[in-house]
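For reference, the structure is listed below as structure tokens.
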């Protein structure tokens, strides 16, 4: 990618190759919303590597797409119509498999047809008409008899014939599912701030590269806390056993009208999971505040490590308050109740007629 961005000439040649590739794509299938996705999985990988081997060889993204072909095949349904668009040999129109996958390359030679042949090339007057050239081809003639021929165009479907394709259905169809975790509701909810939710999710998964982890693999020579407390930087220390982060989190809890001792990280997560569920206004404020605090503490930690810039804890609190109040101000669906007046005052969020 660096070469493409630094060398204008190389970028121009690459764009020309892409343009040629698109111009050579097969005719569009009737299932228009699916066409592009299916070209990626089946038609393009079969044709373009022959002509543009070097281009695809250098494409990491394309290699990852190719790895999904067997998975996608499990969900695709090729419904044969008039046979004008399906490849006779390579598309899986034969009861979910392609002729090439079942019989190999020799059947193309035995049938005496081009490797670019379409299904329509073995249809005559509404009947299947395979060349009687070998045992395999004769067997094919028998196997296709149960596939009806119609004047309708060929079509491709996802999971069920007639089912409307969507990216969401594809994602849920192929993703691996795990058991739900207790902290799910404090991370993934409709009013979350995306970057805060992602940072909190990383922290809950233990995925932040704290200094103790970096020291273990030899990336750094010291695991001292970036907030200059002299302790070893671990995830549990950073949230919120470090004096710096403890001051920030204590003030944030007070703005949420919560007065209690600070807890170890695992217990803080459990407490928030128990006391910040549901769509009530004060629960939403707690979730927003928790995620914003984790996010800004991690950003401040990185700022100190990589830029040698130190912000006081009061500034971190201000940034947390700014993000939470901004989110509250942008959503006018919260109830207008005197019960939440103090929360709105604490966070500087609009109340009454302005909320």
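Residue numbers (the working numbering): 168 to 522.
Virtual Cβ for every residue (Gly too), placed ideally from N, Cα, C.
**Request:** Would you mind giving the Cβ-Cβ distance between residue 278 and residue 298, rounded to the nearest angstrom? I have them listed as a contact below 8 Å.
**Result:** Yes, residue 278 and residue 298 are in contact; Cβ-Cβ is about 5 Å, under 8 Å.
**Message:** Restricting to runs no shorter than 3 residues, where is the beta strand (DSSP E) found entirely within the stretch 396-437?
**Reply:** DSSP runs (the beta strand (DSSP E)) wholly in the stretch 396-437: none.
**Prompt:** By Cβ distance below 7 Å, which residues in the same chain neighbour residue 402 in space, the five residues on each side in sequence not counted?
**Reply:** 370, 373, 375, 377 and 432
**Item:** Nearest-angstrom Cα separation, counted from residue 329 out to residue 303
**Value:** 33 Å
**Message:** According to DSSP, is residue 497 part of a helix, a strand, or is it coil?
**Reply:** helix
**Request:** Look at residue 320 and residue 252 and say whether their C-beta atoms are less than 8 Å apart.
**Result:** yes
**Request:** Would you mind reading off the limits of the alpha helix (DSSP H) that contains residue 366?
**Result:** 361-371
**Item:** Opposing strand residues paired with residue 324 [DSSP bridges]
**Value:** 244
**Asked** In angstroms, rounded to a whole number, what distance separates the CA positions of residue 275 and residue 233?
**Response** 24 Å
**Distance, residue 339 Cα to residue 451 Cα** = 27 Å
**Item:** Test item: CB-CB of residue 157 and residue 393 under 8 Å
**Value:** For the chain, the structure presents residues 168 to 522; residue 157 sits outside this window and is missing.
**Item:** CA-to-CA distance, residue 268 to residue 314, given in whole angstroms
**Value:** When rounded, the distance between both Cα atoms is 18 Å.
**Item:** Length of the line joining the Cα atoms of residue 408 and residue 397
**Value:** 12 Å
**Prompt:** If you pair each beta-carbon of the stretch 416-436 with each one of the stretch 455-469, do three or more pairs fall below 8 Å?
**Reply:** yes
**Prompt:** Less than 7 Å between the CB of residue 449 and some heavy atom of the ligand ADP, yes or no?
**Reply:** Summarising the ligand content, the structure contains no ligands, and the ligand ADP is consequently not present.
**Message:** I'd like the span of the alpha helix (DSSP H) that includes residue 276, first residue to last.
**Reply:** Looking at the DSSP string, the run of the alpha helix (DSSP H) that includes residue 276 is 273-278.
**Simplified DSSP assignment, three categories, for residue 295** = Looking at residue 295 - three-state DSSP - the assignment turns out to be strand.
**Request:** Taking the CB atoms as reference points, tell me whether residue 280 and residue 266 lie closer together than 8 Å.
**Result:** no
**Request:** May I ask which residues mark the beginning and end of the alpha helix (DSSP H) holding residue 447?
**Result:** Segment: none, residue 447 is in no alpha helix (DSSP H) and carries neither H nor E.
**Asked** Does DSSP classify residue 285 as helix, strand or coil?
**Response** strand
**Prompt:** Would you report the Cα separation of residue 152 and residue 381, rounded to the nearest angstrom?
**Reply:** Because the chain spans 168 through 522 in this model, residue 152 falls outside it and cannot be assessed.
**Message:** Closest to residue 437 by C-alpha separation, out of 322, 306, 236 and 350, would be which residue?
**Reply:** 350
**Request:** My understanding is that residue 424 touches residue 492, with C-beta atoms under 8 Å, so please give their C-beta distance in whole angstroms.
**Result:** Rounded, the Cβ-Cβ distance is 15 Å, inconsistent with contact.
**Message:** Taking the straight line between their C-alpha atoms, what separation do you get for residue 453 and residue 443?
**Reply:** In this structure, the CA atom of residue 453 is about 6 Å from the CA atom of residue 443.
**Prompt:** Which residue's Cα is closest to the Cα of residue 458: 494, 342, 473 and 296?
**Reply:** 494
**Asked** Roughly how many angstroms separate the alpha carbons of residue 367 and residue 354, rounded to a whole number?
**Response** The alpha-carbon atoms of residue 367 and residue 354 are separated by roughly 7 Å.
**Message:** Could you tell me the alpha carbon to alpha carbon distance between residue 344 and residue 264, rounded to whole angstroms?
**Reply:** 27 Å
**Prompt:** For residue 261, does the three-state DSSP call read helix, strand or coil?
**Reply:** Strand at residue 261.
**Asked** Between residue 239 and residue 270, what straight-line distance do the alpha-carbon atoms span, to the nearest angstrom?
**Response** 21 Å
**Request:** May I ask you to list the residues that DSSP assigns as paired with residue 303?
**Result:** Answer is none; residue 303 lacks a bridge partner.
**Asked** Which residues does DSSP pair with residue 254 in a beta bridge?
**Response** 285
**Asked** Taking Cβ to Cβ, would you say residue 312 is nearer than 8 Å to residue 295?
**Response** Yes, the pair counts as a contact, with Cβ atoms nearer than the cut-off.
**Prompt:** Start and end of the alpha helix (DSSP H) containing residue 334?
**Reply:** Looking at the DSSP string, the run of the alpha helix (DSSP H) that includes residue 334 is 334-341.
**Item:** Closest Cα partner of residue 316 within the set 292, 306, 341 and 420
**Value:** Residue 316 has its Cα closest to that of 292, out of 292, 306, 341 and 420.
**Asked** Ends of the alpha helix (DSSP H) at residue 392?
**Response** Annotation for residue 392: no alpha helix (DSSP H) segment contains it, and DSSP assigns it neither H nor E.
**Request:** Measure the alpha-carbon distance for residue 472 versus residue 362 and round it to whole angstroms.
**Result:** 20 Å
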